[in-house]
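Peer 1: Okay, here's the structure, questions in a sec.
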Amino acid sequence: MLRNSPPGDADIGTLEGRATNLRRHMLTMARGQGAGYIGQGLGIADTLAALYFHELRYDPSDVTWAERDRFLLSTGHYSIALWAALAEAGILPVNELSTYGADDSRLEMSTLDTTPGVELIGGSLGHGLGQAVGQALGLRLQKSVARVFVELSDGEMQEGSTWEAAMSASHFKLDGLVALVDCNGIQADGPVVLDMEPVADKWRAFGWDVSEIDGNDMNAIVGALMLARSQNGKPTAIILRTLPGKGVARIEASEKAHFFRVDVKEWDGIIADFEQSVGAKQ
Ligand SMILES: Cc1ncc(C[n+]2csc(CCOP(=O)(O)OP(=O)(O)O)c2C)c(N)n1
Ligand SMILES: [Mg+2]
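For the sequence shown, this note's numbering assigns the number 834 to the initial residue and increments by one for each residue that follows.
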């Protein structure tokens, strides 16, 4: 019996609770070394909660199960979000999270595929979509029903390799492929360098089905994932407009959302504020 397989209906409140847990895990991780790529992680938390607790078919006790749906995190530096999801899903131990970024930890600040549950090494940006296309083609050859979900970023849309992969996905009619495009508006030390708008029209022009949503709205995420189940010969791109630091007021307000470093005392204050805001919503 698989612990997770995609049902028709989603319990939005439960998924939002999972997203809160992911944010809590990320705060634990960043506090460990005093720093991390947490702004991006908090921004993508709702999408990972919807994937790991609603949409993906997988077996936490067998991460190499051949029929599992694949989730590829192309932006390796978002690893903090993946570690949180894998721990919440029971694939990694929760008590390992505080080792994030420490020497000899399996939970690197950028993903390595030697850690259970990681489908690709993502440190060098611009390669995730191409690898996802290759995996989707391979699964089709094996007559597998498994689907491939790949997260990529607004920064990565400035790399030609992304668009070569986008072109091939529609050419090969990969309707089991879903790209989750995190448009968080930042690229390293500031706003995205090249204007990529209109993003949705670009993906449409490359032959994809497209949804463009608030990437921090669980209802919208679940709805877009439901539309992406259609087997109509086209891959789907879900354009996620996310807020770096979402759900943690001091990180939302920070200008250093790409890499956030503060001392332990401030982390304790941030965590206390977060728990208070979660309590106030309940
Ligand atoms: C091929 C490649 N070029 C440059 C970098 C250095 N780098 C790491 S994160 C980052 C920012 C890229 O923007 P985005 O993916 O949107 O990330 P965000 O700032 O939103 O975290 C860059 C340029 C890299 N990892 N890989
Ligand atoms: Mg970005």
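Positions of the beta carbon are idealized from the N, C-alpha and C atoms, including for glycine.
According to the neighbour-count rule (16 or more other Cβ atoms, all chains shown, within 10 Å of its Cβ), is Pro1024 buried or exposed?
Peer 2: By the neighbour-count rule (16 or more Cβ atoms within 10 Å), Pro1024 is not buried but exposed.
Peer 1: Is Ala899 near Ala852, with beta carbons less than 8 Å apart?
Peer 2: No, the pair does not count as a contact, with Cβ atoms beyond the cut-off.
Peer 1: Going by DSSP, which residues form a beta bridge with Arg901?
Peer 2: Bridge partners of Arg901: none, in fact.
Peer 1: Under the criterion of a Cβ to heavy atom distance below 7 Å, does Gln991 qualify as lining ligand 2?
Peer 2: Checking every heavy atom of ligand 2 against the Cβ of Gln991, none is found closer than 7 Å.
Peer 1: Is the beta carbon of Val1095 less than 8 Å from the beta carbon of Gly867?
Peer 2: It is a contact, given that the beta carbons lie within the stated cut-off.
Peer 1: Ligand 1 and Asn1017: does any heavy atom of the ligand fall closer than 7 Å to the residue's C-beta?
Peer 2: Yes, Cβ of Asn1017 sits closer than 7 Å to a heavy atom of ligand 1.
Peer 1: Our contact map puts Thr880 next to Leu985 with C-beta atoms below 8 Å; I'd like the distance itself, whole angstroms only.
Peer 2: That pair is no contact at about 12 Å.
Peer 1: With respect to 7 Å, is the separation between the Cβ of Asp1028 and the closest non-hydrogen atom of ligand 2 below this value?
Peer 2: Asp1028 Cβ: outside cutoff for every heavy atom of ligand 2.
Peer 1: DSSP state of Asp1050, grouped into three classes?
Peer 2: It is coil, neither helix nor strand.
Peer 1: Can you grab the Cα-Cα spacing for the pair Ala1053 / Gly923, in whole Å?
Peer 2: One C-alpha to the other measures close to 26 Å.
Peer 1: Look at Gly950 and Val1011 and say whether their C-beta atoms are less than 8 Å apart.
Peer 2: No, the Cβ-Cβ distance between Gly950 and Val1011 is not below 8 Å.
Peer 1: In the DSSP assignment, find the beta strand (DSSP E) that holds Glu984 and state where it starts and stops.
Peer 2: Here the beta strand (DSSP E) through Glu984 covers 981-986.
Peer 1: How would you write the range of the alpha helix (DSSP H) that Ile845 sits in, first residue to last?
Peer 2: 845-866 is the extent of the alpha helix (DSSP H) around Ile845.
Peer 1: Of the residues Met1051, Val983, Met990, which one's Cα is nearest the Cα of Met1029?
Peer 2: The candidate whose alpha carbon is nearest that of Met1029 is Met990.
Peer 1: According to DSSP, is Tyr891 helix, strand or coil?
Peer 2: Three-state DSSP puts Tyr891 in a strand.
Peer 1: Does the Cβ-Cβ distance between Gly869 and Tyr933 come in under 8 Å?
Peer 2: Going by C-beta atoms, Gly869 is nearer than 8 Å to Tyr933.
Peer 1: What does a CB cutoff of less than 6 Å around Ala1033 pick up in its chain, not counting 5 residues either side in sequence?
Peer 2: These residues qualify, in order along the chain: Val1043, Glu1045, Ile1072.
Peer 1: Using C-beta distances below 6 Å, list every residue in its chain close to Val1117, excluding the 5 sequence neighbours before and after it, in chain order.
Peer 2: In this structure the chain extends from 834 to 1115, so residue 1117 is not present and cannot be described.
Peer 1: According to DSSP, simplified to helix, strand and coil, what is Glu1045?
Peer 2: Looking at Glu1045 - three-state DSSP - the assignment turns out to be strand.
Peer 1: Cutting at 6 Å between CB atoms, please list the residues of its own chain near Lys1006, excluding the five before and the five after it.
Peer 2: Closer than 6 Å at Cβ, skipping near neighbours: Gly1066.
Peer 1: Using a Cβ-based criterion (distance less than 7 Å to any ligand heavy atom), does Val1025 qualify as near ligand 2?
Peer 2: Correct: Val1025 has its Cβ closer than 7 Å to ligand 2.
Peer 1: Just to confirm my understanding: we take Gly1078, look at its own chain, exclude 5 residues before and 5 after, and list those with CB closer than 6 Å. What are they?
Peer 2: For Gly1078, where only same-chain residues beyond five positions count, the Cβ hits under 6 Å are Gly872, Leu875, Ile1084, Glu1085, Ala1090.
Peer 1: Looking only at C-alpha atoms, which of Gly846, Gly1056, Pro840, Lys1098 sits nearest to Val1111?
Peer 2: Among Gly846, Gly1056, Pro840, Lys1098, the Cα nearest to that of Val1111 is on Gly846.
Peer 1: Looking at the strands, I want to know which residues DSSP matches up with Asp1015.
Peer 2: Paired residues: Ser986, Leu1073.
Peer 1: Helix, strand or coil: which one does DSSP assign to Gly923?
Peer 2: If DSSP states are grouped into helix, strand and coil, Gly923 belongs with coil.
Peer 1: Short check: CB of Ser994 to CB of Pro1068, under 8 Å?
Peer 2: It is not a contact, given that the beta carbons lie outside the stated cut-off.
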